[in-house]
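Reading through the structure tokens given below for one structure.
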Amino acid sequence: MSEIHTQGAIEAILMVVDEPVAVADIAAALDVPEPEILTHLERLRDEYAHPDRPRGFELREVDGRWRFYSSRLYADAVGAFIVEGQSARLSQAALETLAVVAYRQPVTRGQVSQVRGVNVDSVMKTLSARGLVTEVGDVGGAVQYGTTTEFLERMGLGSLDELPPLAPYLPDLADVDGEGER
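According to my numbering, the sequence shown is numbered sequentially starting from 6.
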């Protein structure tokens with residue numbers, strides 16, 4: 006497969022995916038080695054991000070997977086286009102709970118409740134139903150939660166390492182057991 010044909014095939018695949026796709030999946034579909042696919046993806050990402058020619062979309066890697074997204078440069082335009090109320094916003098309680106999970110994961114509901122000072126059971130159910138948090142394990146019979154790839158996508162992050170430094174301001178959870186008891 007020629008370089009130009011491979012690059013075009015990668016673009017075509019990325020145009021039809023509903024969620025980010027792994028390099029290995031693209032490589033398998035095109036019968037091209039993964040390192041070559043990764044080189045093409047990085048080249049395309051850089052080409053689309055060229056400062057002399059801003060585009061309305063960008064190619065991003067999220068948690069090791071790739072997808073086209075609307076450009077952050079035009080977030081205001083996209084926001085104005087989307088009809089208000091069409092996508093439900095998260096409540097303040099949900100945002101606070103999501104922040105605790107994001108910065109302290111894996112974390113139990115009891116630990117999140119301890120940090121927030123209120124019961125978070127219903128909020129955790131909402132965040133889980135929206136695909137922003139998921140069960141990642143358990144400790145002492147209590148389910149542990151972490152954020153999802155959907156969370157990273159919505160926040161425009163490639164990984165949790167890109168979260169702003171906030172964790173030092175959150176209470177230490179080391180001495181809190183799975184049910185929020187000290």
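Beta carbons: idealized from backbone N, C-alpha and C, even for Gly.
Where does residue i land, buried or exposed, given buried means 16+ other C-beta within 10 angstroms?
| i | result |
| --- | --- |
| residue 161 | exposed |
| residue 62 | exposed |
| residue 55 | exposed |
| residue 115 | buried |
| residue 20 | exposed |
| residue 64 | buried |
| residue 97 | exposed |
| residue 83 | exposed |
| residue 120 | buried |
| residue 46 | buried |
| residue 186 | Confidence at residue 186 is low in this model, with a pLDDT of 40, below 50, so its placement is unreliable and no value can be given for it. |
Measure the alpha-carbon distance for residue i versus residue j and round it to whole angstroms.
| i | j | result |
| --- | --- | --- |
| residue 9 | residue 50 | 15 Å |
| residue 28 | residue 37 | 10 Å |
| residue 117 | residue 105 | 6 Å |
| residue 31 | residue 139 | 26 Å |
| residue 77 | residue 147 | 38 Å |
| residue 135 | residue 34 | 30 Å |
| residue 24 | residue 157 | 12 Å |
| residue 16 | residue 170 | 34 Å |
| residue 12 | residue 155 | 26 Å |
| residue 108 | residue 133 | 16 Å |
Would you list the residues sitting across from residue i in a DSSP beta bridge?
| i | result |
| --- | --- |
| residue 151 | 139 |
| residue 27 | 70 |
Can you give me the start and stop residues for the beta strand (DSSP E) that residue i sits inside?
| i | result |
| --- | --- |
| residue 65 | 62–67 |
Taking the continuous alpha helix (DSSP H) assigned at residue i, which residues delimit it?
| i | result |
| --- | --- |
| residue 188 | With the chain covering 6 to 187 only, the question about residue 188 has no answer from this structure. |
| residue 74 | Per DSSP, residue 74 belongs to no alpha helix (DSSP H); it is in the beta strand (DSSP E), 70–75. |
| residue 51 | 39–53 |
| residue 116 | 114–121 |
Is any non-hydrogen atom of the ligand ZN found closer than 8 Å to the C-beta of residue i, if you look at the structure I gave you?
| i | result |
| --- | --- |
| residue 124 | With respect to the ligand ZN, the structure offers nothing, as it holds no ligand at all. |
Are at least three pairs of beta-carbons, each pair with one atom in the segment 57–74 and one in the segment 161–171, less than 8 Å apart? yes
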